[in-house]
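Notes follow once the structure below has been shown.
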Amino acid sequence: MKQKYIYLLFVLITCFTPYTLLAQRIAILGAMPEEIQLLESQMTHIKTKEIMGFQFKTGILNGKKVVLTETGIGKVNAAVVTTLIIKEFRPQSVIFTGIAGGISETLKQGDIVIGNRLTYHDYGRLTNDGLSTNATRNPITKQQNPLYFSSDSVLVTLALAASKEVHLQKMSAESSQPHITVGTIVTGDTFVTSSTAVMNFQKTLQADATEMEGAAVAQVCWQLHVPFLVIRSISDKANEKASVDFQTFKKIASDNSASLVKEILKKI
Ligand code: ADE
């Protein structure tokens, strides 16, 4: 009899506890302040937790429990923060938002790439003919990781659905409305300003966009079995004009990526 009451109490508590209290958080990462600014400005119930010098902001965004942080630029910083956020907050998934250099000719500034697979462009064997890229290895299982880390297919599907509803900013009054595509993102510890590198990434890795953190986040999530998604908006074309274009377009591109992430949250 007593057991029956305990069970009833459990059912009642479960039914009447708001979803937001029970759900696991969604971790959202960006490398630079600009990349997370829009999301932070729209979060409510913000609390800041400092871990090893990094500031993790927990709160609610579009009705979902999130934890948001800035990783800093580059693969090592991204890997450190991804590991910390998974260890500390046990998120249901990790979403990276930010900007990238466009590799595919069809991409222009402000467009978005939903990264369905990510790889490194600077990991492998350096030979007289240049770099021969290689897969990484999981240091715990000793197994080789896949050469391309696949984003979570459910999150990619939700991102595509969110694409139909999101409002993106145009780069100028004369520009066309930004497009959203699914594609391959290549990551390395270099800001790419070379049309030779662009052609090489296209030919050898079938890259659509390049940036400096995505595959590192993907590798950590892959090895720790956490679903992930990388969203990037194009700030430049990774060519000789990239440094100037990056400065001009980084804010709008950052906000376009963040806007899509907000729309994805509604669908999770
Ligand atoms: N992020 C934005 N533009 C980039 C570029 N050209 N190279 C690497 N990372 C970037």
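Residue 225 in this note's numbering is what sits at position 225 of the sequence shown, and the numbering runs on without skipping anything.
The beta-carbon is built from N, C-alpha and C at its ideal position, and this holds for glycine as well.
Keep in mind the model is a prediction, meaning the values are calculated, not measured.
K75 has its alpha-carbon roughly 12 Å from the corresponding atom of V186. Distance from T133 to Y120 at the Cβ level is roughly 7 Å; contact confirmed, criterion being Cβ atoms closer than 8 Å. For the pair I112 and S233, the CB atoms are nearer than the 8 Å cut-off. Counting only heavy atoms of ligand 1, the residues whose C-beta sits closer than 6 Å to one of them are, along the chain, I99, A100, G101, F191, V192, T210, E211, M212, S235, D236, A238, A242 and F246. Bridge partners of Y120 according to DSSP: T187. When beta bridges are read from the DSSP output, K57 appears opposite T48 and L68. Closest in C-alpha terms to Q219, from the list V81, K170, L205 and L8, comes V81.
Beta-bridge annotation (DSSP): F149 is paired with L118. Counted as a single uninterrupted DSSP element, the alpha helix (DSSP H) harbouring V244 occupies residues A242 to K267. Around the beta-carbon of Y5, fewer than 16 other beta-carbon atoms lie within 10 Å, marking it exposed. Taken in chain order, the unbroken stretches of alpha helix (DSSP H) that lie wholly in the region 171-226 and span 4 residues or more are 195-205 and 214-223. Assignment of beta-bridge partners to S93 by DSSP yields I26. At the C-beta level, M52 and L84 come within 8 Å of one another.
Contact between L61 and K262 is confirmed by a C-beta separation of about 7 Å, below the 8 Å threshold.
Between R125 and Y148, the C-beta spacing is not below 8 Å.
Three or more Cβ pairs closer than 8 Å define a contact, and the region 84-93 falls short of that threshold against the region 198-213. Ranked by Cα distance from F96, the first of K64, V166 and A78 is A78. With 16 or more neighbouring CB atoms inside 10 Å of its own CB, D245 falls in the buried class. Per DSSP, the unbroken alpha helix (DSSP H) holding L38 starts and ends at P33 to Q42. With fewer than 16 other beta carbons inside 10 angstroms of its own, V154 counts as exposed. For a cut-off of 8 Å, the C-beta gap from A173 to L260 is around 22 Å, too long to register as a contact. A straight-line Cα-Cα distance of about 11 Å links V230 and C221. Judged by their CB atoms, F54 and V67 are not nearer to each other than the 8 Å cut-off. Burial is judged here by how many other beta carbons sit within 10 angstroms of a residue's own beta carbon; K237 has at least 16 and is buried.
Going by beta carbons, A159 and I264 fall inside the 8 Å limit. The three-state reading of DSSP puts Q144 in strand, counting E and B together. Between V182 and V217, the beta carbon gap of about 18 Å keeps them out of contact (Cβ cut-off 8 Å).
Between K250 and E34 the beta-carbon gap is near 6 Å, inside 8 Å, which marks them as a contact.
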